[in-house]
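Residue numbers (my numbering), protein chains in the order written: chain W, 1 to 489; chain H, 1001 to 1503.
All residues carry an ideal CB built from backbone N, CA and C; glycine is no exception.
One structure below.
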Amino acid sequence: MLFNSLDFAIFFPIVFILYWIVSKNLTLRNGLLLVSSYVFYGWWDWRFLFLIAFSSIVDFIVGQKLYKEENKTKRKRYLMTSLFVNLGLLVYFKYTNFFIETFVDSFRLFGKELEVSTLNIILPVGISFYTFQTLSYTIDIYRKQLEPTKDWLSFFAFVSFFPQLVAGPIERASHLLPQFYKTYKFNYNQVKSGLLLIALGLFKKMVIADRTAILVNQVYSNPSEYQGIDIIVATVFFAFQIYCDFSGYSDIAIGTARTMGFDLMKNFDSPYLSKSITEFWRRWHISLSTWFRDYVYIPLGGSRNGKYRTYANLFIVFLTSGLWHGAAMTFVIWGGIHGFIIVFEKAITKQRENLYKNLNVKKDSTIRRVVFIPVVFFIVCFAWVFFRANNLTDALILISNINFNNLSNLTNGKIYKLGLIKPEFMVALIAIFLLTLFEWFNKKYNFQLRLSKQILPIRWSFYLVVFFIIIVFGIYGDDQVAEFIYFKF
Amino acid sequence: MKFLIYKKMKKLLFKSLILIFIGFFLVDLITDPLFKNNNNVNKVFKELNKFDQDTLDILFIGSSHSKSTFKPSIFDSVFNSNSFNIGTGGQRYMLTNLLLEDVLKKRKVELAVIDLYPTLLSLPKEQNTKGFQLRVLDNVSFSLNKLAVINEIYDFKEVPSVLSTTIRNHNKWYDVNFKRNDFNKSFTSDKGWLTSKKRMNKKNREKYTNFLEQNRQFLNVELTQLDLNKFAIYNSYIQETVRICEKYNTKFCFVSAPYFESFYNKQINKKHYYLKELLEDKNIPFIDFNSKYNAIDLNLDDFKDRDHLNIKGSRKVSAFFAKYLSEKKYFEIKNQKYYNEIIEEIKPRNLDSVARIINKNRTILIEQIVYKGNKVSGRHELYSNLKLEGVFFYETNNVKYIAISKNRNEHLKTNDNMFLLRGEIFKSDFKNRPKNLLKTKKDKLLWSVKADTISIEDNDFYLLKLKNRGNISSYKSFSIFTFDEKGDHLRKGYIMKNVSFIN
Chain W
1 MLFNSLDFAI
11 FFPIVFILYW
21 IVSKNLTLRN
31 GLLLVSSYVF
41 YGWWDWRFLF
51 LIAFSSIVDF
61 IVGQKLYKEE
71 NKTKRKRYLM
81 TSLFVNLGLL
91 VYFKYTNFFI
101 ETFVDSFRLF
111 GKELEVSTLN
121 IILPVGISFY
131 TFQTLSYTID
141 IYRKQLEPTK
151 DWLSFFAFVS
161 FFPQLVAGPI
171 ERASHLLPQF
181 YKTYKFNYNQ
191 VKSGLLLIAL
201 GLFKKMVIAD
211 RTAILVNQVY
221 SNPSEYQGID
231 IIVATVFFAF
241 QIYCDFSGYS
251 DIAIGTARTM
261 GFDLMKNFDS
271 PYLSKSITEF
281 WRRWHISLST
291 WFRDYVYIPL
301 GGSRNGKYRT
311 YANLFIVFLT
321 SGLWHGAAMT
331 FVIWGGIHGF
341 IIVFEKAITK
351 QRENLYKNLN
361 VKKDSTIRRV
371 VFIPVVFFIV
381 CFAWVFFRAN
391 NLTDALILIS
401 NINFNNLSNL
411 TNGKIYKLGL
421 IKPEFMVALI
431 AIFLLTLFEW
441 FNKKYNFQLR
451 LSKQILPIRW
461 SFYLVVFFII
471 IVFGIYGDDQ
481 VAEFIYFKF
Chain H
1001 MKFLIYKKMK
1011 KLLFKSLILI
1021 FIGFFLVDLI
1031 TDPLFKNNNN
1041 VNKVFKELNK
1051 FDQDTLDILF
1061 IGSSHSKSTF
1071 KPSIFDSVFN
1081 SNSFNIGTGG
1091 QRYMLTNLLL
1101 EDVLKKRKVE
1111 LAVIDLYPTL
1121 LSLPKEQNTK
1131 GFQLRVLDNV
1141 SFSLNKLAVI
1151 NEIYDFKEVP
1161 SVLSTTIRNH
1171 NKWYDVNFKR
1181 NDFNKSFTSD
1191 KGWLTSKKRM
1201 NKKNREKYTN
1211 FLEQNRQFLN
1221 VELTQLDLNK
1231 FAIYNSYIQE
1241 TVRICEKYNT
1251 KFCFVSAPYF
1261 ESFYNKQINK
1271 KHYYLKELLE
1281 DKNIPFIDFN
1291 SKYNAIDLNL
1301 DDFKDRDHLN
1311 IKGSRKVSAF
1321 FAKYLSEKKY
1331 FEIKNQKYYN
1341 EIIEEIKPRN
1351 LDSVARIINK
1361 NRTILIEQIV
1371 YKGNKVSGRH
1381 ELYSNLKLEG
1391 VFFYETNNVK
1401 YIAISKNRNE
1411 HLKTNDNMFL
1421 LRGEIFKSDF
1431 KNRPKNLLKT
1441 KKDKLLWSVK
1451 ADTISIEDND
1461 FYLLKLKNRG
1471 NISSYKSFSI
1481 FTFDEKGDHL
1491 RKGYIMKNVS
1501 FIN
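Rendered as structure tokens:
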């Protein structure tokens, strides 16, 4: 079930009303959440419910055993069981064909052609997300940072919690699971806030992401037919497409959870305003980057074993993160680019700080923002080419075709032949501008708080304007409902 | 405390519902009218809604067959009545009932004429056929019946776009109040009636040459028990129409507008036959125009395509139906002269009657008459002292004539009645050219003809016998020139396109 669908528009109010009717009874409430989450997930394909149920059963039992067990070897075995089952399922469903293709390609390099065909495996939606979420549970228990729950209902509801089940934020058990142990009072302002966040998410997804996707898809599907500014525009549009798609989904997820009293972690914090790639990863997909930090980087040694080992660990983390995003070499390269830049930034940290000191440039100075925000945006966009391209060949074609020879396309109207006619193109630009303005204003002045202090006609006028913008300018319809990008993960 | 929570929840629910209601109310009030297609159908309904009389005398309803067949102004001229045609393309029968009831609720209708086209008695399944029903749904008031019909036809996910033109057409936001012309300028409309001057294209005319013979087969159908079971549902549709008309005290009459394509489709024939039998059994008035081709003198020239009449055909059927309505005492003739003229037009033809009906108001059979260099219509001046008032092609027994009516007191300058004819042949008919041209690429023939003059009653005609210059239907354009005193043909001539003959 997609958030921007009629099905969800009917599903959510029903769940919301039932939720608050039964909210005082913890068992009933968690039961309702579990059932509704399974209905939500099963709407795509009911068969994959067995997968998520199986994963939940394994980790629930492992968690219990792990906590009671004192023997280190046995504890490791239990952890390995959880890792093996969860990662095994993830690897099987997501990476089997990738490994087969890589295996065949590597033999091809030596001139040997292997007759091995890929398997017909359907990727369960959101498997990468809920797998990481349940792993955080068993790993935290292993590290004795968390007590396991004896309440299977709470646990199952935690694993399958529908607002964030299929595309995050990837919640830590220590943060989300305890929220299932308590009931919440109906908080009018909290519900309002959640609904506003849902509206914002729908605006991002339907007005910006799905609109820019039209242009991006046209260019990236036929890379050799486009040159110069066309590719640049498509890539910049993709930067906003993926941001609005993903952060829009996160907003809807957080907002939906908030209406029910749950608090999900912030997943995006104006990432394109970052002044370094390091900062970018503190603002982009925060739940994933912190997961990798805590469960991959630190276990690898983090920064505790010297600088070269630190660089290697960082690079490994980003390569893995790239692979997590997709089972293709382009994603690995994307991760590698980010890893490389992060390592480079880390390597020159001292020199950079000395330079700023000598130039008397403060950390949050305007000059640093003006210089580095565009630079970082450019680097991120460059990496996005690999992320979005259909394959490595396409990515290389796109990169090689980037130039400034046809800048006139911006003024002679040819830019409007990339899939978005002029009015649609303008709406995309205006919507991006409005979003940027809103995010800046919200961060500085807390827009929601200010809005809540206005009189009813003003508040309702704002809500109706947002409603009309989504209804009129949103991309939707039977043939236009687009899946969230991160659903592939 | 519990009470406080419930109170807050109720407050939220109440406010949400009010806000949602305001939102959709504003959509209905502001954006839906802006996003409504500005097409012909919506214009017709606007016109109907603006109609200031409480009573409509005749309401024509049904699909595009009804729309292209019944011309309200003919009935209004004959009976001094008020009639309207709210046929819409692809209108399924359940929508016909819904629309009929909606109109009858709003004003009194003396006679409802409901067209039955067999294939439209089933539920639409494909996207385009579902789309056609929106033309009716957009113009029917909201009601439980409407919701029931929508529920029957559309999937759940399609319902929002059915109910709201904003949701349906939002992707055309940059063209708000977009103007969509359904049909090109060759179409003519009048109080909902809409059809074209065009005649069926040459390819189809050749394909359906034998349609009158097919018509005889069409009338001879045998239904199996399986057919009877399958078609039984039509009973309920017809009953519903009868119920609606009786409820609102409206006389009704079912018709089957001409659509000869069905002669070639066994299933449609069967359904048609079933309906005919059903209506006759129940003594429900039903005019089957598809069994009256000879009586109305309908032929291929009267159709713009296999399913729809053109202006000429529509005029004939409307005249015939007006005759029926007066004979059955539905309405009294108020304009006898006009009535006589239109009835005269539908009489079957032979050479005598051809000559008899050539008159000032004779419908021009060819698509357009072009005075070379300028397009004109009506009276055309070929030469300063000759006014040609109508051109009529007639073919009988392979003898081909062109009959040109002329003003009695005017004569051709040459006085020897010589005409020069020039015809341009379709490339596909090159093999039909005279033998001496077969080896050439010449597509234009030029020859002179001495015209006979004939007088019938008060009308004079030049009768040009075309001799053997290939089949006249091979010509895509024809020019007629007269000669000056020196014997040179005048440069100016009539150019007639899409030439065809009457059999």
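Sub-9 Å separation of residue i and residue j beta-carbons
i	j	result
H/Asp1281	H/Arg1199	no
W/Phe132	W/Trp291	yes
W/Phe322	W/His338	First, the amino acid is wrong: residue 322 of chain W is Gly here, not Phe. The answer is yes: Cβ separation under 9 Å.
W/Ser224	W/Ile399	no
W/Cys381	W/Thr235	yes
H/Thr1069	H/Phe1260	no
W/Gly474	W/Phe203	yes
H/Ile1022	W/Trp284	no
W/Ile298	W/Asn267	no
Residue environment, residue i, which counts as buried when at least 16 other CB atoms sit within 10 Å
i	result
W/Pro457	exposed
H/Ser1141	exposed
W/Thr259	buried
W/Val371	exposed
W/Leu114	exposed
H/Ile1404	buried
H/Val1149	buried
Within-9 Å CB hit, residue i to chain W
i	result
H/Gly1023	yes
H/Val1078	no
H/Val1162	no
H/Val1376	In this prediction, H/Val1376 scores a pLDDT of 33, lower than 50, which makes its location untrustworthy; the coordinate-derived value is nonetheless stated afterwards. False, the Cβ-Cβ gap to chain W never drops below 9 Å.
H/Ile1153	no
H/Val1027	yes
H/Glu1389	Because H/Glu1389 carries a pLDDT of 41, less than 50, the predicted location of this residue cannot be relied on, and the following value inherits that uncertainty. By this cut-off, H/Glu1389 is not an interface position.
H/Phe1156	yes
H/Leu1382	With a pLDDT of only 36 at H/Leu1382, under the threshold of 50, the placement of this residue in the model should not be trusted, and no figure is reported.
H/Leu1012	yes
Test: residue i CB closer than 9 Å to a CB of chain H
i	result
W/Tyr130	no
W/Asp7	yes
W/Val166	no
W/Gly477	yes
W/Val343	no
W/Tyr188	yes
W/Leu434	no
W/Glu464	The sequence shown places Leu at residue 464 of chain W, rather than the Glu named in the question. Answer yes: the Cβ-Cβ gap between W/Leu464 and chain H drops below 9 Å somewhere.
W/Pro423	yes
W/Phe473	yes
W/Val236	no
Residue(s) in a DSSP beta bridge with residue i
i	result
H/Asn1085	H/Phe1060
H/Ile1167	Beta-bridge pairing links H/Ile1167 to no other residue.
H/Val1113	H/Phe1060, H/Cys1253
H/Tyr1462	H/Ile1404, H/Thr1453
Pick from the options that is closest to residue i, judged by C-alpha positions
i	options	result
H/Leu1325	H/Leu1026, H/Lys1251, H/His1272	H/Lys1251
H/Ser1256	H/His1065, H/Leu1048, H/Ile1058	H/His1065
W/Val62	W/Ser408, W/Thr134, W/Phe98	W/Thr134
H/Tyr1237	H/Thr1224, H/Phe1254, H/Ile1030	H/Phe1254
H/Leu1228	H/Leu1298, H/Tyr1273, H/Glu1327, H/Asn1040	H/Tyr1273
W/Leu420	W/Asp105, W/Val233, W/Phe12	W/Val233
H/Asn1201	H/Lys1304, H/Gly1131, H/Ile1074, H/Asp1175	H/Lys1304
W/Ser221	W/Tyr476, W/Phe468, W/Asn390	W/Asn390
H/Gly1090	H/Leu1137, H/Ala1112, H/Asp1076	H/Leu1137
H/Asn1039	H/Ser1189, H/Tyr1293, H/Phe1419	H/Ser1189
Minimum Cβ-Cβ distance from residue i to chain C less than 9 Å
i	result
H/Met1200	Absent here is chain C; the protein component of the structure consists of chains W and H.
The ligand PLP heavy atom lying under 8 Å from the CB of residue i
i	result
H/Lys1015	Summarising the ligand content, the structure contains no ligands, and the ligand PLP is consequently not present.
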